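In what follows, a structure is listed as structure tokens, so that the remarks can point back to it.
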Amino acid sequence: GVILMRNFRVKSITCHLTEYKIGEECCPMCSAGHRVRIDCTEFKSTSCQRCTDGTFMDLPNGLKRCNPCSTCDSAGLKVKRQCVITADTVCEPMEGFYCTDLKSGGCSVAQKHRSCEPGHYISRMGTASTDTECSECSSGSFSDGTMLSCQPHTQCENENLQLIKAGTASTDAECGEKSYNTTEIVISVLFLVFLLVAAAIVVVVVLWKNKKIKIPSELEKNCS
């Protein structure tokens with residue numbers, strides 16, 4: 006262990022910044038990375054012990070135990086710097102998380118970046134220290150919530166396609182091949198057939214009338 010000289014005072018018990026009080030006396034502190042093993046006495050100075058693995062002491066002290074190293078087991082945290090006898094573990098946010106509680110150059114609490122809702126786009130990506138920011142899509146555009154910008158709805162007419170389903174703030178328009186209305190086709194065909202039949206009837210009637218007129222004329226010729 007490390008042996009430090011004792012500083013005795015008879016009248017005052019106010020200790021120096023590098024000393025700690027024990028009873029009515031002041032003992033030299035142990036340096037960072039060490040703890041007090043045995044307090045000083047009238048005949049012996051402070052006996053110090055090096056911190057064991059998994060513990061640390063970052064300041065000169067008069068403590069009997071080193072501090073346990075912190076872990077980065079909390080959700081969203083990972084080790085940035087391993088614990089050593091003179092400094093605690095330093096944690097940082099994992100990918101997809103941001104720090105909500107800074108501690109000694111590291112992070113003690115992290116939170117998952119927010120997810121933008123459908124109809125919104127990511128206007129600012131989240132970082133290790135800030136959350137994701139979302140903004141609403143303008144009319145005529147859409148985003149499923151994972152896009153960095155809203156996309157305009159597909160214009161089916163421009164692609165010579167038929168609109169099947171109109172686009173929304175979260176979905177694109179659905180297009181399909183142009184189809185013809187069966188009912189309209191049937192009606193058109195029937196109408197055409199009707200016209201043809203009507204035309205045929207007119208022709209037959211006209212021919213029949215012409216023939217009827219022609220027959221009496223021939224009879225008159227024969228009689229005369």
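If you're matching positions, the sequence shown starts at 6 in my numbering and goes up one per residue.
C-beta: ideal position from N, C-alpha, C; glycine also.
As the structure is a computational prediction, the values presented were derived from the model and not from experiment.
Would the beta-carbon of I190 be found less than 8 angstroms away from any heavy atom of the ligand MG?
Judged by which ligands are present, the structure shown has none, so any question about the ligand MG falls away.
In or out: F147 buried (at least 16 other Cβ within 10 Å) or exposed?
buried
Which residue marks the beginning of the beta strand (DSSP E) containing G181, and which one marks its end?
179-181
Inter-residue spacing [alpha-carbon to alpha-carbon] between T76 and A174
44 angstroms
Check whether the Cβ atoms of I43 and C31 lie closer than 9 angstroms to each other.
no
Does the distance from the C-beta atom of C35 to that of T51 stay below 9 angstroms?
yes
To the nearest angstrom, how far is the alpha carbon of L195 from that of V208?
20 angstroms
Could you tell me whether the Cβ atoms of G181 and L166 are closer together than 9 angstroms?
yes
Given a cut-off of 9 angstroms on the beta-carbon distance, is the pair R86 and A80 in contact?
no
Given S154, which residues of its chain have a CB within under 8 angstroms of its CB, disregarding the five upstream and five downstream residues?
Y126, S148
How would you label F102, buried or exposed, when you count the other beta carbons within 10 angstroms and need 16 or more for buried?
buried
Let me know the secondary structure DSSP gives A215 once reduced to three states.
The question names Ala, but residue 215 in the sequence shown is Asn. Helix.
C-beta contact flag for C104 and C88 at 9 angstroms
no
List the endpoints of the continuous beta strand (DSSP E) containing V41.
39-43
So what does C104 bridge to, in DSSP terms?
A115
Residues near V114 by beta carbon distance below 6 angstroms, same chain, minus five either side
T105, D106
Mapping DSSP to helix, strand and coil, what is T187?
helix
How would you label T132, buried or exposed, when you count the other beta carbons within 10 angstroms and need 16 or more for buried?
exposed
What residues match up with N66 in a beta bridge as DSSP calls it?
C35
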